[in-house]
Structures are given as C-alpha cells and as structure tokens.
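Only one structure is covered here, and it is reproduced in the block below.
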Amino acid sequence: MTLVPEAYVVPLTLFSPLVFGVLAWLFDRDWIREILGVIGAAVPVTVLSLAYEKASSGTISYTIDTGVFKLHFVLNSLSWYFAFIGALVGIAMAFGLSSTSRRGYDWLFSLMSFTGVMGVFLARDFVSLFLFWELMTFGSFMMVLRRNRHESLKYFVLSVIGAYSMLLAIGMVYAKTGTLDYAMASQTLLLLTKMGGVSKAYVDTIFALFLLAFGVKAGVVPLHVWAPGAYGENDQSYTSFFSGVLSKAGVYGFIITLFVMPSLYGIYFAMGTFHGHLTGTYLIAWAGAVTVVVASFLAVLQEDIRKLLAYSSVGQVGYIILALGVFNGVAVGGAMFHVLSHAMFKGLFWLISAALILRTGKTRFEDFGGLAEKMPVTFAMALIAVLSLAGIPPMAGFASKWLIYEGAIQAHMPLVAGTIFLGSALAFAYVVRFLYAVWFGQRPSDLDDVREAPLPLLVGMTILAIPNIVFGIAPGLAVRLINRFFNTNITVNSYYSISTPTGTYNALSVTLVLIVGLAIAGLIYIYGANARKIKVTNTYQSGNPVTEEYNLVIRRNFYRPLAEALDFWLKYSWDRFYERLANLTEDFADWLREGFYNGNVQSYSWYLAIILLILAIWGVL
Amino acid sequence: MNGQYASLLVALPLISAFFVPLIKGLGGRAIKYYLTLITALQAGVAAWVFKTVYTTGKPIIVMAGGWRPPVGIDLYIGHFAALFVLIVALVSFFMAIFSFDSVSTEPTDKYAMLFLLLMLGATGMIATGDIFNLFVFMEITSITAYALTAYNKTGEAAEAAMKYIVLGGIGSSFFLIGIALIYGSTGTLNMAQLAQLAGSINPTVIKVGLSLLVFGLAVEAELFPLNAWAPDAYQAAPHPVTAMFSAFVVKAGLYALARLVYLFSHAAGWDFILKLLVIMATLTVFAAEFSALRQRDVKRMIAYSSISQVGLIALALSVGSQLGVQAGVFHMINHAVVKTLLFLTVGYVGVKVGGTGIENFSGLGRKMPLTAFALTVGALAAVGIPLFNIFWSKVWIIIASIEQGYAWEAGVVLAASVVEAVYYLRLIHTMWFGGWDGIRIRESLPLGTIALFLVLLILAIGVYPNPFWTLAKSAGTDIFNVSRYIANVPLMGVGP
Amino acid sequence: MNCIPCAEYIIVALMIGSAILAVEWRDLLAAAVGMAAVSLFASILFFLLQAPDVAMTEAAIGAALSGAVVIFAIKRTQRFETEEEERPGWWIRW
Amino acid sequence: MVSVLKRSLAIITLLIIGYWLAQGLAGVPFGQDRMLVGKYYLENVKAQTGAVNAVTAIVVNYRGFDTLGEVTVLFIASTGVGALLWRRKKKRTAKTEGSVVLRTGSELLFPFILMFGTYIFIHGHLTPGGGFPGGATIATAFLILYMAFVDYEIPHRLFEPLEGLAGMGYVLVGLIGLAIGSYFLFDWIWQTWHWGAANLGRLFSGGFIPVIYTLIGLKVGTELSGIVDSMLTEEVRE
Amino acid sequence: MSVPHIGLYYFGALSLVLVGIYGVLVKKNLLKILISLSIVETGVNLLLISVGYITGRSAPILSEGIGPKQAVDPIPQALVLTAIVIGVATTAMALSVAITLYEKYGTLNIEEIRRLRG
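Residue numbers (my numbering), protein chains in the order written: chain A, 1 to 621; chain B, 1001 to 1496; chain C, 2001 to 2094; chain D, 3001 to 3238; chain E, 4001 to 4118.
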C-alpha cells in the first residue's frame, strides 16, 4: 500500500483518464496517442487494485473545495467494486480503441466519459454526482455526435432530460434539508418524514424524478429508445465501455436511492406496500421485467449485429434492475454479481463485434458467415461470451442469473420470475443466431481474405474473457466481495461453491463434469466416426449447383416466424412516438416564434400595454 | 489619488468622445486606434477603482460638485459596480479591437463617438446612486443603442432601430412617470434616502410608482413580453455592438432593476412585484429558447440564447433570497464572458465568410479552426456542460429558486435549457462535421488572442470557480443588503 | 372678469383638444402643427405653474425645433397618412 | 370593422391604466408643500452658489451630473442623426426661394436673434432660461436662414470642432474642479476663489454657472443647427 | 373604487399621456407614432412640473421680493429641463431612422415594415 499514498488514490482514479485524454488529443501523433490513452486507462486499474485492502476495510475520503461547492468523494467497498469493474472494462476498451480508432478526438471523449463514470461511482454528495454525471453524458454524446447527428441528439436530449430531473430532485432535497451530502441529507430527510415536515407528494416527486434520471441511463423500457442508436452508431470498442459501464452508472443511481441514502428507505416505506412488497421497489421490479421482455424480443428480430447487441445489453441491464426491485438479500446479491458478469461478457461481445467490423467492414448478418476458421481466437472469445450471456454453467453469467432466479422465487414474485425465464430463453435464441450467422455456415466469397483481429484488440478481449471464466468457476470470490458491502444471505462455503437458503451451486464439480464430457466428445470425434473433411460450399442441394445468391444458410431473417407472430406488437414503437413528440415541440416552437415575434411594432407596443394593464388590474383591485 | 478620481470613469469617455470631432480629419484607421487607446485607458481606471474598492472593502462614493448625497448626485461604486465597470471596460476594449475588421460603413468618427458613449451610459447606469441620474444614463445608453443599431444604414437595421425606439420611448416615459410619483411622495431622488423613507410612503403611491419603475426598466432589461425588440436589434447591429449589447447593456438594466426592487423592500405590495418578475423571467427563458430552435441565422439564434440567459439572471435576481442574488451576479459574470466570445466569433465569421446564415458555418472546423474551436467552447459553456463556467451558476440558480419554493419555474427553465442544448449542438455538428468548400481562411492574430483569452477564462472559472464566486458573493450582498447600502452612503441630515 | 382659473381650464382643454386632433388628422403636416400647438399650450401651462425656465425651454425647443424637425422629416418622406381601408383584421394577420 | 374593435379595446385599456395612474396621483395631492431637499436648496442657493435663479443653480451646480448627461444626450442625438443621414456628397435640395420679406427680414434679424440667444444663456443665473433655451434660440436663427435661402448651409468646418471644443470645455471645467477642489464639477470659481461674491444679483456672480452655460449654449446651438442641416441636405445622385 | 379627484394639471398631463399611447397603439403611419410619442413626453414633463408646484408661491428666482418660503419646488423644473431635451433628442433620432426607412422600404406603414420577424 505504500506505493500509492492514500491521499492520491481518489484523485488519481478520478482525473488521470481525463488528463491523459486531453494529452492524447493534443499530441495527435500515431503511436504517442495510443500509448498515452492506454496509460490513462491503466492508472485507475492499478491504483484501485493497490488500494483494495484499505478500501474494503475502511474508507478513503477526498474533498475538493471549489468555493461554489465542496465536492466530497469516498472510496468504500461498494464504490470500489463498481469502480474496479469500470476500470477493468476501461483498460479493455483502451486496448480495443488503440486498434480500431486512429483519432485523438475519440481518445479525448472516451477517457472523459471514463472520468465521468469514476466520478459518479466515487461521489458522496449530490453536486459532484450531478457534475460527473453530466461529464459522462457529454463524453459519450460527443463520441456518437461524430458518426450520426440524429442518434446523438436523441441520446443527448433523453439523458439531459434525465440529468435535469436529477438536478430538480437535488434542488428539492436541498430545499428541505439544506445540505447536499448524501449522509446528512438522508438523516434530515428521515427525520422530516418521521415528523411529517415533508408531504408525501413531495417525497413521491423526488422518487419519481430520481427514477426518471437513473432509468434513462439504465435504459428502462420507455426510456431505452436512445440505446440502439447510441450503442450502434459508435466505435465498437468504445461501446464496450459505453454499454458495459455507463449503464451501470444508472444501476448505481438506483443503489444510491435504495441503500446509500437510508432515509430514502423512508420514501419506500412511506410509499406503503402493495401485495406485501414495497410499492417503490415493486415498481422498479416491474420496470426491469418489462425491459427484459421487450428488449429481448426486439434483440431477437434484429438484422444488424450492433442493434442485436444493443438491445441485448438493454435487456441484461433490465435483469439487474429487476433484481434490485425484488429487494431481498439474495436477489440484490445476484444483481451485484450480474453487474460484474454483464460488464465482462457484454464488454467482450462489443470487442468481438469491433474485431468483426474492423476486419470485414460489414455489420449485417447476411454478409457474415464461416469466420470460425479465419478468426479462431476471436471465435474462442465469442464462445466464452456466448456461454456467459446465455447463462451456461462454467461461465460467470450462470452464477449471477442463478442467484437472481433464487432471489425472485424466494420473494414470492412468480410473474417476475416468469419474465426472467422468458428473457433468458430469448437471450439464448439471439445468441445462437449470432453464433450461427457469423461463425458457422457458408462463407461469402468476399470474406476469404479476412485475417485474425489485431493484437491489442485480442489483449483487450482476453482481459475481459479471464474474469468470465474465473468468476464462473469461482463465484465465491465475487460473492465474498459483495457480502462485504451488502448483507446478502448468500453463504460462501468455499471459493467455488455458494449456497442460498434454497440451494447451493458447486461450480467446481459442474466444470469438471463439463471437461470430462468434452473430452469424451473429442475422443469420439477423432477416433470414432470416420468423419470426412467436406468443403463448406459443396453441400448437396437436390441436383442444382450451390451458387452465391441461393445458398443454404439462412442468415437473413433468422426468426421470420417469430416476427410475423409479434407483428401486432411491433406496430407500436417507442421510437416513432418520441420522433413525433420531437417534431411536435419543434412545430410548437415555430408557431410560438411566428406568433409572438411577428415583426409588427404595433403588436409589440400592444404587449407593453397588456403588461401595463396587468399592473393596473393588480393595482386597482 | 483619493476616491473622487473614480469620477474619471465618467469624465474620460466623455472628454475623449468630445475630442473625436477635432481629429475627424485623420481618417478611419487612426480613429479606431484612438478608440482602442481610450477603452484601454478606461480599463486601467476601472482596474484601479476595482483594486481600491476590493482592497479597502469600503465602496467609493463620488460626490459630484462636492455636495453630500441627498443634495448632490453621488456615484455609489460598491462591490458590484466596481466589478461590473471593469467588465464593461474590458469588453469595450475587446470590441474596440474587433471593430478594426468588422465595422467598415463610412462615418467611423461618429461610430467611435457612439461606441464611447454607449460604454459611458452603461458605466453610469451601474455606478449612479440617484434615480433621475439613472434615468439620464439609461437614456444615454438607449439613444446610443438606437443610433448604433441603425448604424449599418440597411433596411433591416433601420427597422430594428425603429422598433427599439418606439418601445424604448414608451418604457422611458413611464419610467419618468414613476420617478415623478416617487419624488412627489418622498421629496428626494437619492436612492439611499429613498430606501430609508420607503416604509413611510403612502402604499398606493409606492405600489404604482414601483410598478412603473420596474416596467420602465423591464423594457431595457428584456423581460418576456417587452423584449420583442431585442432579437431584431441584436441581429441588425454591427457585430461588436451586439456583443456589447448582450455583455453589459442588458446587465446594466438588470442591475438597475434589482437595485430598485431591493431598495423598496420595506414598501407595501413588494412581494407581488417579485412574483410578477419571477413569472416574466421564466416566460422569457421559455419563449426565447423555443424561438431559437429552428433559426436559420446563427447571430439571431445566439441573440435569442442571450435573451434566455438574461431571463435566467432575472429569475435569480427576483427570487428574493441572498443566495439567489449572488447566483444571479455570478451568472452575469459568466454570461458576459461567454456571450462576448460567441458574438465575437460569430461576427468574425460573418465578416470573413460573408453573412451569418447557418450555411456559412458548415465545415467551419476546417475553414477557420481557431474561430470554430472558440465558438464550440462558447457554445458548450452556454449549454452548461460541466468544467465550463455557466454550469456552476446555473446549478446555483436552480437550487436557489427551488429553495424559495419556485420548483415549477425551475422545471420550466430546465426544460428550456434542454432545447438550448439541442440547437447549440446542431450548430457544433454543422461546424465540425458539415461539408465545406475547401478554402481555408487566415484568421487575424489580435482577435485570435482575444478569443483564446476568453476561452482560457471560461475554462479557469469552470475548473476552479472559487475566486470568481467570492467576487460574485460580495457583489450580490452589495445589492441585496440594503441596510449596508444606506450605512455606506454619507447622507446629510436634510430631513424635515 | 379676468379669472385666472378659467384661463387654466381653457388652455388645458385646448391642449387636450389639439393633442387628440394631432393624433387623428390624416394630413401629417397638420399633425405636426398640432404637436407644436400642444407644446405651445404646455409652455403656457408651465408659465402658469411658476416655471419660467421650463416655459422658455419648452417654447424654444418643444414648439419650434421639434416641430421643425418633424416637418423636415415629412418633407423627406410623404405628406399624407396612407390610411387605406383596414385590411382583414389585425387579429387575423397576427 | 376590425379597426373599430381595436380602437375601442385600446380606449378601454387606456382608461383602466389612466384610472390606475390617477389613483396613484391621488396620493400626491396637487399644490402641497412636500419639499425635502428642495427646501435645503432654496435656503442655501445664494450662499453656496451665488446664483439668484435656483433652478439654474441646481441644474449646473448641485445636480451637475444630470446636465453633463444631458449635454451628452444632445451630442449623441446630433452624432446619431449625422451618422444615419450621412451621405458621401450632400447638397441642399430646397427648390422655392424664400419671399423677399423673408429673405431681407432674416438677414436683418439674424444678428439680433443671435444676440438675444447669447443674452439668455449669459444671464442664466439671474433671469429664467439658461444654456438650453439660449442655444435653441441660436439654432432657430440658423433655421430661419435655412428657410430663407435655398443654398445656405452652416459652416460645417467651424461648427463640428466648436461643438467638440464646447463639450470638452465643460468636462475640463469639471476636471479643474477635481484638481483644485478634489471633487469633480466642483465650483472652483465660487468656492475657492470666492470671485464675484460681492455683486450678488449682478452679471459677474454665480460661480462657474455663466461659464458653463456659455459653453452649453454654444454647444446646443451648434448641435441643433447640425441636426437641422443633416435633415435638410440630401444625397447627390450622380 | 371612488373616482380619484386629481388636480386639473394632473388631469391634463395624464390625458396627454393617454392620448399619446392611444396614437401609438392604433395608428399605422410611423410618423404619426413618433408624433404621439412626442406628445407622451410633453405630457410626462407637464406631470413632473405639476408635481412640484406649490399653490400660492412664485417662481424660484430668489430676487429681492421672494425668499425661500415664497418659492415653488425648483427640483422638478431642473429635471424637466433635462427631460425636454432628451425628448427632442429621441424624436430627432427617431425621425432620421424614419427617413432611412422610407428610402429603403418606400413606405411608412408599419404593417409593411416587417422584414425582421420570427
């Protein structure tokens, strides 16, 4: 611990990415920029890992007095957990970026959003939360602005509406409590709710505004509209950070309202109960459930690899929100674990798609095919990511999903548990579609000269693949970490087996069985069936030769029947609704401008007379 | 060098303006150099005044003609006035340098005279301690503004000036009726003595008088229905003059409004005036932001954005708490810096590329990189992105207004600033990622240095706002705390 | 019967009358003369209100010069107010 | 039809505003003695400024800043009108020559009007009327010449510098006051030199009021005639 | 809601202001508006002076016969001196703008002078 003195831990994690980002933007030479960027992303990871014991036992606090406000940051076990996940995906993103984007612009704004997320996780008072929240939003917005104006404006407007509703809530909390710090604000709010100093409606509005603010960033259904555009129209390796960690800022926001501010418990208790569950958390649970279902259905029907991954990311974050909403020990523990696993496998997925797009230049499924031989390492990484996302045992995804199932069942929420099962089934569906369309099947002729992904991208992928496996085999490690800041009643028997009141999961035995099974299958494959090596293209097709345009592999509209079944629901899309809303406001703006500033000096003097009339009427009455 | 030399703030621009007809023969360029020299001198005097006021902590009371306040007119240069006179002088100095390239219409000597007298009017409005003197300086500012708006002698400029004259004329006449009423009931014109006597005036008279004063100044300070003249005047005036309009002419009107409103805080019916001002301020922000949404002319768009920020300042000032006024003053400083930068860059593009339509701005990033960078920083600051200066004051204004119970108004203001983000970011996108015709334009050095200085100032305030916040705090208390104002003015016992 | 108060009433009535006429007349020259008349009557009223300085200034500047300036402006623009029939409602063409 | 609606609406609005203002004015009854600072002025005007005419003493001495502002306003007006109506080459476009009576009359009367104007502003501190009416009378003198003669133009090369010099003179007097009596616009003739204290009520009294009023008179005269000239000369279209 | 009985001069001044504002609100011709504005300014000056008048006292020229007790309030007269000249200055400026407008637009009807709108 002596290497990095305690006072420098927080400022280093917070500001080194931004500082190095600015440096990378200034020294825009080819290799200097990449090195600076990677250093910028590496500093938080190293500093956080060094500060592990200090943070997990006590707290490291740090204040910046900017005169206008005192920004107060604290590194305790909860914020260390989130910050470390962010830093890990950050370093992977840095490696990915160094091969996919050659511009100082991307480095500056990706590292700026990195600083923003770190600030959000470490903040201890509302204003610094709001400041870093806006910084994070602005950084990510600029990344999207470069590539697509419409999507970026949609993203910025929604997240600024979220940010400003948070500012309104902060103002309302400050108006009642007079302080901006979490702890003090929560105490005084608790007292006020007890003594009735604060009306219920006031508390409800604060809750609604916070829900809106964090819902936008976490992509809860009605507010998820920006996700496909923002995640898709972006440099894919940056999206690994964008969807892996920035959505976690939204989740962290929910955690602040639920746990960090105990007084807001008061809100949840004050809001009464509904079927025995707190209405507040019940609402959150259902929001998560709806997100899971809607996003998974939409993900399955996508034709573009980036849109599929985007909707799947929204769905997975829906899992976490759902688990937080279920609000019992096991579920919240599962949610925290899923935060970790989702960051890992979703980050990995986006890096893989970055490699694919970098090498082939294509993004639609029908152009891909048969890339397993050409890009073997990326294929292996894709296998890990697919297993983890689908929740298949040896990978981390399974452990966290299993905990969430356990939690939901214990909390007697059958319908919500139902949506989880449906969601994970659909997850498996679109993951298979991805696996099949991209890696197997017939390779189009123009992809023959595809080479393996560049080294830095591969390094980034391995950085994210290892935790998937490690935490898959040893979930106990992660759960022990989570138990340090939440008293989830998940007992850790040993590093590889965890048990909840209703069941235990021994990861080691499962992995051993899997390895044995694989070994047997391998033996049969090599010695048993005398399998011939068949060229992929010459599959027999009832007499007529297999040509380019009529190939057997159905990559296009893989789930056409499902789409037809759902077309009743697909008519309504939130996206079109928001478009119409935006046009409505613009037309209203035009009408107002033409109406009020109509250029006629006489009407202007009539406005003056009207104001005089108002003053007169007040004076006379 | 006792405090009375602060009267140079008024005397210097005046004597140099009268000197210009004598050097008419030297030609336009020499006059512009002369103009820059005089504004630099004025900035020096203002800096000296700023130093003395902020080191001694006591305001400078300039007593014209040696008569003590209620008898003679006094210039009360307190914390706010010292700070803002310096801002006025600096902005005028920058705009004088900017006039070299941007003002080419013919009678440059008359332009120099009007320029100096606009600066004088704003300085006088901020410094004066007497309501009729406030009226005279308001008239000086207004009439110079009329002349400067119509200076380009195009059809639009004359039309904009005509609208400004008709509305400004009505506003100032009613302001004068307000002064007649206030003088009729109290017998004195000095602000400090008025504050003392405010409680004892007959309630109907003070209600009518105060509303008329507020009405007159609201026309000058561009509150909602009364600011119909503002977008045209900003668009039609020469570029440096527009920057001066938005940087300090409107601020002087706002300061006078706040000073008068808080002077009569003991009078009857005072809270209604505040409620009306809050409503008008919120509507200003709302109407101006929405009108800027689909603007084809960037200069008019930034004019609307400036009006909406002025509405935000008016909201902060009329919230009625010390914190609100301090946040409002801090926003005044930030807004002055940002808007000067924006109008400087837009004006420069208008001059170099010919016209300030949005199509001239596409691909500006490659055509004029330095100006595009400065414009982007200014736009981002105006939107309220963190690490820039307006973020701090906007957060404080929202918190102060919610604290005083105006949560709905804060909501409307935030919704309006979402709209502001949209049109500014559209401008940034067209600038950096729009197509361009390939000609790269060389940018002039002096304007580049000014733009860079302003950018650094914005970032400095944004990253570490402490020194500027203490300035704003002391200036805010100077307006809000009327009893201290009365104590500082050496009133002669003239009472009955 | 030289009562001063009835002189005041007459002059005030004349002043208001000439003000209304100045506003209503279609011929701008007549309106300018009306304005000068208002200014003249105001100057007399100032005299009656024991304000000789103001009376002289009002007479010299108000009546003479502003009247002259308005007339020069009419010389350079147009004489008659083109009060064509009121087109469809000022409300409608908002 | 609509204009009748508009006019009636205007009348109603104005009546309500008028009623409101009348209620405000009712609180300030006509003709009562509510003087506060005015009483101080009336009691000490003779001792402190040496002027008999209290109004001019207030205008120049006590509330000097207002008049300084006032002179600037007029200066802005003439510069503004000059700037707006500025053309490269301008010429008088009057067509009808003044009648014989007007021409001879104006030639004869011109010096007397000038003399009367100077009389007004030199005796500002004694008799009613000061710089402004004096200056206005001088301007009317030039106005009459413009009326009478088709090609008469005021000597620009003399008037513009004179206007600037008069304005500078006024500010210089104030600055001298700042230098000598350490207050801007300090009446150094009356307060420090105690000049003309003996012959109160006669010409050489009233401190620097006559000096300033002469300057103001010249300035107002030149400015207003400048405005008249800008208005009456139009562009020469080649 | 009693009808306020104000002095004759107040009534005159107030009605001048109202007639002026009526002219601005109703008339279409720009010169007519400027004339109305000038009338408003004269009305306001009259109001300011009548506020300072004290019945039974004479002009504030302190010659032999008139002491401080016999003089009217001098301050409003000082103020009006400035206000009149400001009124003339504004009117002169406005008229020169009207002249330029007429040259550029060819009309003085404010309904047609509407290029800057929206």
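Each residue gets a CB set at the ideal place from its N, CA and C atoms; glycine is no exception.
{"Check": "Collapsed DSSP secondary structure at residue 3183 of chain D in the structure displayed", "Outcome": "coil"}
{"Check": "Chain-ordered neighbours of residue 1152 of chain B on chain D, where CB pairs are closer than 7 Å", "Outcome": "What residue 1152 of chain B touches in chain D: nothing, since even the nearest Cβ is about 10 Å away."}
{"Check": "C-alpha gap between residue 2088 of chain C and residue 3011 of chain D, whole angstroms", "Outcome": "Note that residue 2088 of chain C scores a pLDDT of 46, beneath 50, so its modelled location is shaky; the value from the coordinates is reported in the next line. Cα to Cα, residue 2088 of chain C sits roughly 21 Å from residue 3011 of chain D."}
{"Check": "Within-7 Å CB hit, residue 1496 of chain B to chain E", "Outcome": "Note that residue 1496 of chain B scores 49 on pLDDT, short of 50, meaning its location in the model is unreliable; the coordinates nonetheless yield the value given after this. Residue 1496 of chain B does not count as touching chain E."}
{"Check": "Neighbour-count burial assignment, residue 4055 of chain E, 16 or more Cβ in a 10 Å radius", "Outcome": "exposed"}
{"Check": "Straight-line gap, residue 1117 of chain B to residue 1029 of chain B (C-alpha atoms, nearest Å)", "Outcome": "19 Å"}
{"Check": "Own chain, CB closer than 6 Å to residue 3094 of chain D, minus 5 neighbours either side, in chain order", "Outcome": "3150"}
{"Check": "C-beta neighbour in chain D for residue 201 of chain A, strict 7 Å", "Outcome": "no"}
{"Check": "Residues bridged to residue 4071 of chain E [DSSP beta-bridge criterion]", "Outcome": "E:4058"}
{"Check": "Chain E contact for residue 2047 of chain C (CB, 7 Å cutoff)", "Outcome": "no"}
{"Check": "Rounded straight-line distance, which links the Cα of residue 601 of chain A to that of residue 3236 of chain D", "Outcome": "32 Å"}
{"Check": "In chain order, each alpha helix (DSSP H) run of at least 4 residues that lies wholly inside the segment 199 to 286 of chain A", "Outcome": "200 to 218, 226 to 232, 236 to 241, 247 to 255 and 262 to 270"}
{"Check": "Any non-hydrogen atom of the ligand SAH closer than 6 Å to residue 616 of chain A Cβ", "Outcome": "Questions concerning the ligand SAH fall outside what the structure shown contains, since it holds no ligand whatsoever."}
{"Check": "Test item: CB-CB of residue 1263 of chain B and residue 1158 of chain B under 7 Å", "Outcome": "no"}
{"Check": "Other residues of its chain near residue 3178 of chain D: CB distance less than 6 Å, five sequence neighbours each side excluded", "Outcome": "3184"}
{"Check": "Inside the segment 1067 to 1154 of chain B only - alpha helix (DSSP H) runs reaching at least 4 residues", "Outcome": "1079 to 1102, 1108 to 1127 and 1131 to 1149"}
{"Check": "In DSSP terms, what residue 72 of chain A is bridged to", "Outcome": "A:63"}
{"Check": "Cβ contact (3+ pairs, closer than 8 Å) linking the segment 1017 to 1029 of chain B and the segment 606 to 613 of chain A", "Outcome": "no"}
{"Check": "Cβ-based burial, residue 3065 of chain D [other Cβ within 10 Å; buried from 16]", "Outcome": "buried"}
{"Check": "According to DSSP, residues forming a beta bridge with residue 500 of chain A", "Outcome": "A:503"}
{"Check": "Nearest-angstrom Cα separation, counted from residue 4026 of chain E out to residue 2094 of chain C", "Outcome": "Annotation note: pLDDT 40 at residue 2094 of chain C (below 50); position unreliable, coordinate value reported separately. Straight-line Cα distance between these residues: approximately 15 Å."}
{"Check": "Within chain B, partners of residue 4112 of chain E - CB distance below 8 Å", "Outcome": "In chain order: nothing, as chain B lies at least about 10 Å away."}
{"Check": "Three-state secondary structure assigned by DSSP to residue 2088 of chain C", "Outcome": "In this prediction, residue 2088 of chain C scores a pLDDT of 46, lower than 50, which makes its location untrustworthy; no coordinate-derived value is stated."}
{"Check": "Residue 586 of chain A versus B:1294, B:1467 and B:1459, residue with shortest Cα-Cα distance", "Outcome": "B:1294"}
{"Check": "Interface flag, residue 3154 of chain D vs chain B, CB-CB below 7 Å", "Outcome": "no"}
{"Check": "Residue 2971 of chain D burial status per 10 Å Cβ neighbour count (16 or more: buried)", "Outcome": "Residue 2971 of chain D falls outside the range modelled here, since chain D spans only 3001 to 3238, and no answer is possible."}
{"Check": "Beta-ladder partner(s) of residue 494 of chain A, from DSSP", "Outcome": "A:497"}
{"Check": "6 Å Cβ shell around residue 1084 of chain B - same chain, five flanking residues per side excluded", "Outcome": "1126"}
{"Check": "Expected contact under 8 Å - CB spacing of residue 1065 of chain B and residue 3044 of chain D to nearest Å", "Outcome": "Residue 1065 of chain B to residue 3044 of chain D, Cβ: 13 Å. No contact."}
{"Check": "Residue 1466 of chain B and residue 179 of chain A closer than 7 Å at C-beta", "Outcome": "no"}
{"Check": "Classification of residue 3227 of chain D by the beta-carbon crowding that lies within 10 angstroms, buried from 16 upward", "Outcome": "buried"}
{"Check": "C-alpha distance - residue 162 of chain A paired with residue 1370 of chain B, whole-angstrom precision", "Outcome": "33 Å"}
{"Check": "C-beta neighbour in chain B for residue 564 of chain A, strict 7 Å", "Outcome": "no"}
{"Check": "Environment of residue 1439 of chain B [buried if 16+ CB atoms lie within 10 Å]", "Outcome": "exposed"}
{"Check": "Burial state of residue 564 of chain A (16 or more Cβ within 10 Å)", "Outcome": "exposed"}
{"Check": "Entirely enclosed alpha helix (DSSP H) segments - the segment 1230 to 1282 of chain B, minimum 4 residues", "Outcome": "1239 to 1244 and 1250 to 1263"}
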